[in-house]
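Protein chains in written order, with my numbering: chain A, 1 to 627; chain B, 628 to 773. Cβ atoms here follow ideal geometry from the backbone N, Cα and C, with glycine treated the same way. Since this is a predicted model, take the numbers as computed values, not measurements. This report refers to the structure that appears directly beneath it.
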Ligand SMILES: Cc1cc2nc3c(=O)[nH]c(=O)nc-3n(C[C@H](O)[C@H](O)[C@H](O)COP(=O)(O)OP(=O)(O)OC[C@H]3O[C@@H](n4cnc5c(N)ncnc54)[C@H](O)[C@@H]3O)c2cc1C
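As structure tokens, then:
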């Protein structure tokens, strides 16, 4: 372990700690040489190295130096900040020092793993010098603390919303569930048996809905929609409008009932139409998806009545003509079924036609392969006289037990034909008198592009999943949306259910295509995140928000105009030495810290705490300086 | 300009929710790129005023790549504001005789490792060809001179 300590006279006393990371860093970066050089920088009081800075001895070294008063701020040069920035901030707190007097230099992912030899050493040195330059300008910051109401509101009563309601209420949190339709269960209730397990969707929805309905802490408002939104994490205020029930089913009493292919109908509310307000601490968005609606003429859709979507086919199969014998629908025997995959999914620019709004669904909908294979197998098992032909681009039966669906479909003699996206199957009337009214032609790449024609009594389009239209919520709550139109989490892996709007979390297929198992898991994850937010009775937010220097501010309002979060910045009149002055003010709860205001202030009077322009300027100078 | 000349420094302003983890993913894959690239983490690059970019070039930075989240920016509307600002920076660069290709606005996701490497390589070619910004800058911006 190398230590270089020197006596300097400087306002800030930086301690720099350089990690070997086993050999991950030190095999490529000469950490001792870097330590020596860095110790000579202005403001640096001590520079040390350690095999693993994140280990207990590594952290203790920092804590000791802080406690002794030798240093008052810290730079650790190690792996990516996502891994250990929080670890080292905690070490500062344990030493009784403000955790924001900390800066991280990433010399593993961005140095030793990508550069070698002297160049790696020089770059590590520059990055640490930049971190020191910033550290010298850091100021102590306090997290923003907000009281949190122990109450959660869930928008959407599909499987994800119901699961979130169940988990939140079982943790003792009061829940309001707002569902726009008269039914609970979402699209799961429109299915029969579920891939890959074969469970009855009705049983799943009914048991979950009953548990939720019976829980004393849950209030369900069906036929309701959020029409107004204000406030922030811990204390949101939602305006809700409950409309008339258009279930088409007589009102039910007691615990409600499950109506096949509609959903679970809860007990009717005494006061059907009303507007009301919900005050809540966190919001779970569980608004789900909508199946792709094929364009007129797409694979013969709306042109031939024998062309149907997969959800429709699932229902047809479940409600098929009663009795034993061959598969017949509406009195017509179905001998051949053609199922076409990837309808409305995996669109390729230049090949597929955009919708009216110029959008393509470039994503894979993830459920359709399994659901199609599952339906195909059901047909083959129950009606061996019916042939099934699957036209696919790729079979994507990802996930546990899903690949079995493919092998079992093959075993039960489902016939597979593969096509390239630029040469999709063509559905047309069958001129031959072989009994099937349609035919599907394709260049089958499994037989080296041979043109194959298949007779079909029914063509099933495996439609993909699209985000349901929640543009009103997106606009109201400023929810981030990905390029695919689904709501977008902060980070797909590290913060998968959180949104950049604090206090609003995501559950289920409003975020991405998922199957019911995944949507249910997402509902649970959202519930855990939501209850963690509410657990302490208050919430602490990162202090990285805008700050106005009242000395410099002239109140010209440019920052207020540039602010991307309505209400986060506003102008306020102050009495300054008997004179009335107007200055910008930040609402710490609403400000997201994006910095849009910083760039436009002619007086440079606004900055983001912990990420100031002068800190960046100091870092750039340190980087630009010759080594 | 000789191709072997040491390329000037490239600054990357990388968003903490997309491009910065994207750059880390390049590291995790152990894919090398030139060491004249320095990455600074930002919450949202919409923070930086026009002058910040010009001053970086004045300090000797040869090229800047803003690696944003693009339209997937978690701060609603920030990308659009940023894109408009960068257009103004291009204008300022032209007036000062700075080649606008030294600055690039792009979107890099958390797993866009290939796109990251391509951007870095392209900017490296540009700064190698152009040399340091000081050589290029006219002392007085033409607009102010007239
Ligand atoms: C054809 C097909 C077959 C499938 N087969 C299977 C299968 O075999 N196995 C399997 O595991 N999965 C299957 N799935 C996937 C399954 O349907 C989904 O995983 C599940 O429905 C997702 O649940 P969710 O709660 O996320 O969304 P949804 O089911 O879409 O529920 C969302 C709910 O939110 C409500 N809502 C929407 N907007 C608002 C608003 N603004 N305000 C209030 N409420 C709102 C909706 O009315 C709905 O009740 C299939 C999907 C399709 C399309």
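ask   = Cβ of residue 534/A within 7 angstroms of Cβ of residue 148/A?
value = yes
key: Proximity to residue 267/A [Cα-Cα], best of 286/A, 316/A, 213/A   = 213/A
Where residue 675/B meets chain A, residues with beta-carbon distance less than 9 angstroms = 595, 598, 599, 613, 616
ask   = Is there at least one Cβ from chain A nearer than 7 angstroms to residue 660/B's Cβ?
value = yes
message = So residue 263/A and residue 205/A are supposed to be a Cβ contact under 8 angstroms. How far apart are they, rounded?
response = 7 angstroms
request  = Flag residue 192/A as yes when its Cβ comes closer than 6 angstroms to any non-hydrogen atom of ligand 1, and as no otherwise.
outcome  = It does not: the Cβ of residue 192/A is nowhere closer than 6 angstroms to a heavy atom of ligand 1.
ask   = Mind checking whether the beta-carbon of residue 259/A lies closer than 6 angstroms to any heavy atom of ligand 1?
value = no
key: Alpha-carbon to alpha-carbon, residue 593/A and residue 544/A   = 6 angstroms
inquiry  = Can you determine whether any heavy atom of ligand 1 sits closer than 6 angstroms to the C-beta of residue 636/A, and answer yes or no?
reply    = No information on residue 636/A is available, as it lies outside the stretch 1 to 627 that chain A covers here.
inquiry  = For residue 480/A, would you say it is in contact with chain B, using Cβ-to-Cβ distances shorter than 7 angstroms as the test?
reply    = yes
key: Inside the region 503-566 of chain A only - beta strand (DSSP E) runs reaching at least 3 residues   = 504-506, 538-541, 546-548
message = Check whether chain B comes within 7 angstroms of residue 109/A, counting only Cβ atoms and requiring the distance to be less than that.
response = yes
key: Where residue 50/A falls, given that 16 or more other Cβ within 10 Å makes a residue buried   = buried
Below-7 angstroms beta-carbon distance, residue 751/B vs any chain A residue = no
inquiry  = Let me check one thing: in DSSP terms, what residues is residue 703/B bridge-paired to?
reply    = Secondary-structure assignment with DSSP links residue 703/B through no beta bridge to anything.
message = Let me confirm a value: residue 497/A is counted as buried when at least 16 other C-beta atoms fall within 10 Å, else exposed. Which label applies?
response = buried
inquiry  = So, does the region 173-191 of chain A touch the region 212-230 of chain A, judging by three or more C-beta pairs under 8 angstroms?
reply    = yes
inquiry  = What does the alpha-carbon distance come out to for the pair residue 58/A and residue 358/A?
reply    = 55 angstroms
ask   = For residue 341/A, which option in 416/A, 235/A, 405/A has the closest C-alpha, if you only look at C-alpha atoms?
value = 416/A
ask   = Is the region 370-377 of chain A touching the region 447-458 of chain A in the sense that three or more CB pairs, one from each, lie closer than 8 angstroms?
value = No contact exists between the region 447-458 of chain A and the region 370-377 of chain A.
query = Per DSSP, residue 154/A is paired with what?
reply = 177/A, 284/A
ask   = Using CA coordinates, which residue listed in 135/A, 126/A, 38/A is at the minimum distance from residue 72/A?
value = 135/A
query = Name the chain B residues whose beta carbon is nearer than 8 angstroms to that of residue 511/A?
reply = The premise fails here: residue 511/A is roughly 13 angstroms from chain B at the closest Cβ pair, so nothing lies under 8 angstroms.
request  = Just mark residue 365/A as buried or exposed, buried being the case when its beta carbon has 16 or more other beta carbons within 10 Å.
outcome  = Buried, because 16 or more other Cβ atoms sit within 10 Å of the Cβ of residue 365/A.
query = Quick one: is the Cβ of residue 476/A within less than 6 angstroms of any heavy atom of ligand 1?
reply = no
task = Would you check if the distance between the CB atom of residue 287/A and the CB atom of residue 156/A is smaller than 7 angstroms?
result = Their beta carbons are under 7 angstroms apart, which means residue 287/A touches residue 156/A by this criterion.
query = Which term fits residue 347/A, buried or exposed, when burial requires 16 or more other beta carbons within 10 angstroms of its beta carbon?
reply = buried
inquiry  = For residue 146/A and residue 541/A, which I take to be in contact (beta-carbon distance under 8 angstroms), what is that distance rounded to the nearest angstrom?
reply    = Under the criterion of beta carbons closer than 8 angstroms, residue 146/A and residue 541/A qualify as touching, at roughly 7 angstroms.
query = Can you tell me whether DSSP reads residue 612/A as helix, strand or coil?
reply = Residue state, collapsed to three classes: coil.
ask   = In three-state terms, what does DSSP make of residue 9/A?
value = With a pLDDT of 44 at residue 9/A, under the threshold of 50, the modelled position of that residue is not reliable, and the figure given next carries that caveat. Coil.
query = residue 752/B to residue 552/A, Cα distance in whole Å?
reply = 42 angstroms
request  = Report yes or no: is there a C-beta of chain D within less than 7 angstroms of the C-beta of residue 708/B?
outcome  = The structure shown contains no chain D; the protein chains it does contain are A and B.
key: Continuous beta strand (DSSP E) stretch holding residue 290/A: start and end   = 289-291
request  = Name, please, each residue of chain B whose Cβ falls closer than 8 angstroms to the Cβ of residue 488/A.
outcome  = 699, 701
request  = Just the C-alpha distance for residue 199/A and residue 516/A, rounded to the nearest angstrom, thanks.
outcome  = 11 angstroms
ask   = Per DSSP, which one or two residues make a beta bridge with residue 339/A?
value = 390/A, 460/A
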